[in-house]
Amino acid sequence: MANNILDIKGISKHYTDKTALSNVSIEIPKACIYGLLGPNGAGKTSLIRIINQITAADEGEVLFNGSTLGPEHIQKIGYLPEERGLYKKVKVIDQLTYFGKLRGLTHREALERAHWWLKKMDLFDIRNKRIEEFSKGMQQKVQFIVAVIHEPELLILDEPFSGFDPVNAELLTNIILEMKQKGVTIIFSTHRMESVEKLCDYMALIHQSKKILDGKVTEIKQRYRTDKFELVSEKPIQFNHPGVELLSSGTTDSGYPMYTVKINQIKNNELIDYAMKQSELLSFNLYMPSIHDIFIQSVN
Amino acid sequence: MKNILLILKHEYLTRVTKKSFIIMTLLGPLLIAAFYGIIFLISFSELSKTESKTLYVFDPYNSMEGQLPKTKSNYNFEFVTDTVVARKSISENDAQLLLHVGNQKGDSIQLIAKKGLSITDKQQLKEILSEHYFNSRLNKKGLSPGMIDSLHQKITMRDEMLSGQKSGIEIKSGIGYIGAFIIYLFIFMYGVMIMRGVTEEKNNRIVEIIVSAVKPFELMMGKILGVAMVGLTQFLAWILLSGIFVTVLSVAIGANSIDTNELQNMSQSIPQSQAGGLSEIIDMSQFQSLNFAKILIGVVVFFFGGFLLYSSLFAAIGSAVDSDTETQQFMLPVSMPLILGLVIAQIAVIKDPNSSLAVWSSMIPLTSPVVMMVRIPFDVSWAEIGISAVLLFSTFFLVVWLAAKIYRIGILSYGQKASYKQIFKWLRMKD
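Below is the structure:
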């Protein structure tokens, strides 16, 4: 039994006038939330389309649960595309059962699950309405149900939070976490780096058709920690220590001096000791790089 | 296959349950009846319009010897001796014309009207005048008007085939032409419906979800077949409703009990030459000349072959563009062969269903559905039908293969302005 739900091995995809993916390899473990990061146009959607078997890769292969990706896996994958789309003039319930059946459910199964999800999403009372009468947020919820109605093992969400208000974003986050608990693997594609930090266990950075970084989110952050600290003190501090480099200084909103420093070959505590001797410390933080910083750093 | 059926069912059900479909299906026969009613009324009122016109005849050579009838059809003739007064008069009145006879023989006549005149006027007057000259010359040779009348002869001609059966060309032309027109209408109405449907799915981005579950080819075929069923449903409903409509109407009229004698009187009042043609068309024995099995098979084969061929082209167009307004440039080359087929059906086939133009265009796949439909009632050989059908269906498979290629890439290409160059690029692309 393979540990990875997806093994993407050396995938390349060329269009006539540009390369969308070049030699990208990614391993996606089971039952995790995997962030696929990169700016718009980096190649994320091309990769997703290959996993969805909408297009084929020019080179490389994709393994699903250890076997070559094929038509039999379509029913195990759910997909929420970035550009959302539903039939405007078709009733919600008919729409959901249609998509469920296209993904291999029987009519009865599709109907039962559609009902279950509509209740969960608080849309059950309007199941016989047409999509065109819905607000944008409600349409997004229906779209999400389309992606999950056949209970996929792998759920691919392309920019899932765009168009959701904070309340529904919270609802969606909880559902995603719940699904992860049940063993579903979720690929979360976005160009908004900050949304990954909260949710994702693993991530891969794609930039200009190449993978430039991947791994566990906590490990990546650890790898990119910079030994930078942020200090706020009552009184000004002079940093005349060979192991301490002052990067910037300023004041907080409440008027206290604030410093960003980097330590070289000394322990954290030495820095604290050195600072404490000069002033009462109000706060002392290890400065963790954000995914955005990591992205900028690795692109350079 | 399962997916095609699923898509077919979805396309069919969502379309036939739409309000607009139900309304069109119910109102269709009424609209068509109203349409033909209006055409009939317009042509009837135009033809029966007898706005009388005054013709001033200036005949300085006295070629008519003053013997023109005072009125003929809706023209009143009046001899004048002075063109100046006549010219002044016609300059003030549109319904006045001046005939200026230019020589003694009467074969050079000038016709002057304020703003020129209609082609009907010109032709009618030519006929009236040449008949007048002809009769008056015969008269001079000693033939009385009664004798001239008796020289005219009415001919009845029965057309038969070698087998002795009536050839029934009127009924054959009628059936063929109606069949061709229905195919033409069907392809346009429902082909465009397919095209719109594809563009809508592409615009809504629904297609991305669907093609992650089914093959683009399955989606395309499901759509084409689903819409074909919608079309058949609508046509059958129209035929049924028209039947009911006509029955109800004739019962209602029957209750008013129009005297059958009256009808006979009416038909008798129609000039003999026309009445002969009319009764020939109504003549039921003509139906014996029809090979019903062949017609039925031909209709089914060419109806479906033509519809499938054209709708796959329409589907490809729909997938290549981003909005309905962009379809125009691609619609023209697709609709042209169809219109050409109808024109050939109208001109060549009616003239001679076995002319080389008719035969060739009933073999070439894009025109064959329409043209063959007109030719089939004229007992086209099975070999010809077979060759044409094989050509039609092989072209269909080729076009479906190409259309599926355009479709597969086109439906996922947004924002690129569709052009022929772009489409050829797509055709050369691999998966």
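Just so you know, the sequences run in chain order A and B. Mapping the first sequence onto numbering that gives the first Met the number 0, position 221 (from 1) lands on 220, and the numbers just tick up by one. Mapping the second sequence onto numbering that gives the first Met the number 0, position 139 (from 1) lands on 138, and the numbers just tick up by one. Where a beta carbon is used, it is the ideal one built from N, C-alpha and C, also for glycine.
Tell me whether residue i sits in a helix, a strand or coil according to DSSP, three-state version.
i: alanine 203 of chain A; result: strand
i: glycine 141 of chain B; result: coil
i: asparagine 299 of chain A; result: coil
i: isoleucine 213 of chain B; result: Strictly speaking, residue 213 of chain B in this sequence is valine, with isoleucine absent from that position. Coil.
i: histidine 149 of chain A; result: coil
i: tyrosine 419 of chain B; result: helix
i: glutamate 279 of chain B; result: Confidence is the limiting factor: at glutamate 279 of chain B the pLDDT is only 45, short of 50, which leaves the residue's position unreliable, though a coordinate-based value still follows. DSSP places glutamate 279 of chain B in helix when its eight states are reduced to three.
i: arginine 427 of chain B; result: helix
i: aspartate 124 of chain A; result: helix
i: asparagine 75 of chain B; result: strand
i: histidine 99 of chain B; result: strand
i: isoleucine 269 of chain B; result: With a pLDDT of only 46 at isoleucine 269 of chain B, under 50, the local geometry of the prediction cannot be trusted, and the value read off the model is given with reservation. Reduced to three states, the DSSP call for isoleucine 269 of chain B is coil.
i: glutamine 109 of chain B; result: strand
i: phenylalanine 302 of chain B; result: helix
i: threonine 225 of chain A; result: coil
i: arginine 129 of chain A; result: strand
i: serine 412 of chain B; result: coil
i: glycine 446 of chain B; result: No answer is possible for residue 446 of chain B: it lies beyond the span of chain B, which begins at 0 and ends at 430.
i: arginine 107 of chain A; result: helix
i: alanine 344 of chain B; result: helix
i: isoleucine 175 of chain A; result: helix
i: phenylalanine 163 of chain A; result: coil
i: glutamate 64 of chain B; result: coil
i: glycine 242 of chain B; result: helix
i: isoleucine 127 of chain B; result: helix
i: alanine 94 of chain B; result: coil
i: valine 247 of chain B; result: helix
i: glutamine 152 of chain B; result: coil
Relative to the alpha-carbon of residue i, which residue among the options has its alpha-carbon at the smallest distance?
i: leucine 308 of chain B; options: B:Thr394, B:Ala382 and B:Phe57; result: B:Thr394
i: methionine 228 of chain B; options: B:Leu12, B:Lys1 and B:Phe43; result: B:Leu12
i: isoleucine 49 of chain A; options: A:Lys12, A:Ala274 and A:Ile271; result: A:Lys12
i: arginine 224 of chain A; options: A:Lys197, A:Ile262 and A:Gln207; result: A:Ile262
i: isoleucine 76 of chain A; options: A:Asn239, A:Val145 and A:Ala19; result: A:Val145
i: threonine 326 of chain B; options: B:Ser107, B:Ile193, B:Arg136 and B:Val358; result: B:Ile193
i: glutamate 177 of chain A; options: A:Gly162, A:Arg191, A:Ser194 and A:Glu150; result: A:Glu150
i: glutamate 77 of chain B; options: B:Ser90, B:His99 and B:Glu91; result: B:His99
i: histidine 206 of chain A; options: A:Lys87, A:His291 and A:Asn51; result: A:His291
i: leucine 212 of chain A; options: A:Ser21, A:Arg107 and A:Phe294; result: A:Phe294
i: aspartate 106 of chain B; options: B:Thr119, B:Lys125 and B:Gln95; result: B:Lys125
i: phenylalanine 302 of chain B; options: B:Ile349, B:Arg14 and B:Tyr183; result: B:Tyr183
i: threonine 187 of chain B; options: B:Ser354, B:Ala314 and B:Leu401; result: Just to set this straight, residue 187 of chain B is phenylalanine in the shown sequence, not threonine. Ranking B:Ser354, B:Ala314 and B:Leu401 by Cα distance to phenylalanine 187 of chain B puts B:Ala314 first.
i: glutamate 233 of chain A; options: A:Lys276, A:Gln139 and A:Gly214; result: A:Lys276
i: tyrosine 419 of chain B; options: B:Pro336, B:Ile316, B:Val398 and B:Ser360; result: B:Ile316
i: glycine 99 of chain A; options: B:Leu365, B:Asn2 and B:Leu110; result: B:Asn2
i: serine 318 of chain B; options: B:Ile37, B:Ile410 and B:Val191; result: B:Ile410
i: alanine 338 of chain A; options: A:Ile186, A:Ser194 and A:Gly182; result: Absent from the model: residue 338 of chain A. The displayed extent of chain A is 0 to 299, so no value can be given.
i: leucine 110 of chain A; options: A:Glu60, A:Thr96 and A:Gly254; result: A:Thr96
i: glutamine 237 of chain A; options: A:Val166, A:Gln221, A:Thr251 and A:Pro256; result: A:Pro256
So what does residue i bridge to, in DSSP terms?
i: glutamate 159 of chain B; result: B:Lys165
i: aspartate 213 of chain A; result: A:Ala203
i: aspartate 157 of chain A; result: A:Ser188
i: threonine 70 of chain B; result: B:Asn75
i: glycine 225 of chain B; result: Answer by DSSP bridge pairing: none, since glycine 225 of chain B is not bridged.
Listed from N- to C-terminal order along the chain, which residues in the stretch 198 to 212 of chain B have their beta-carbon within a distance smaller than 7 Å of any beta-carbon of chain A? Asn203, Arg204, Ile205, Glu207, Ile208, Ile209, Val210, Ser211 and Ala212
What beta strand (DSSP E) runs, 3 residues minimum, are completely inside the stretch 3 to 89 of chain A? Look at the stretch 3 to 89 of chain A and you find these whole runs of beta strand (DSSP E), each 3 residues long or longer: 3 to 13, 18 to 28, 32 to 36, 58 to 63 and 76 to 79.
Name, going along the chain, the residues of the stretch 125 to 151 of chain A whose beta-carbon falls closer than 7 Å to a beta-carbon of chain B. Residues passing the 7 Å Cβ filter: Val145.
Output the residue ranges of the beta strand (DSSP E) runs that lie fully inside the stretch 231 to 294 of chain A and measure 3 residues or longer, sorted by chain position. Here the runs fully enclosed are 243 to 250, 256 to 262 and 280 to 285.
Restricting to runs no shorter than 3 residues, where is the beta strand (DSSP E) found entirely within the stretch 2 to 61 of chain B? 52 to 57
Listed from N- to C-terminal order along the chain, which residues in the stretch 12 to 46 of chain A have their beta-carbon within a distance smaller than 7 Å of any beta-carbon of chain B? Thr15
Output needed in chain order: residues of the stretch 82 to 116 of chain A with a Cβ under 8 Å from some Cβ in chain B. Glu82, Arg83, Gly84, Leu85, Tyr86, Lys87, Lys88, Val89, Asp93, Tyr97, Phe98, Lys100, Leu101 and Arg102
For the stretch 55 to 80 of chain A, list every residue whose C-beta sits within 7 Å of some C-beta in chain B, in sequence order. Cβ proximity to chain B below 7 Å picks out Ala55, Ile73, Tyr78 and Pro80 from the stretch 55 to 80 of chain A.
Those runs of the alpha helix (DSSP H) which lie wholly inside the stretch 174 to 211 of chain B and span at least 4 residues: 205 to 210
Under 9 Å (Cβ pairs) to chain A, residues found in the stretch 12 to 46 of chain B: Leu12, Thr13 and Lys17
Report the start-end ranges of each beta strand (DSSP E) in the stretch 308 to 342 of chain B that is 3 residues or longer and not cut off at the edges. Correct list: empty.
For the stretch 181 to 203 of chain A, list every residue whose C-beta sits within 9 Å of some C-beta in chain D, in sequence order. No chain D appears in this structure, whose protein chains are A and B.
Can you pull out the residues from the stretch 161 to 195 of chain B whose beta carbon lies closer than 7 Å to at least one beta carbon of chain A? none
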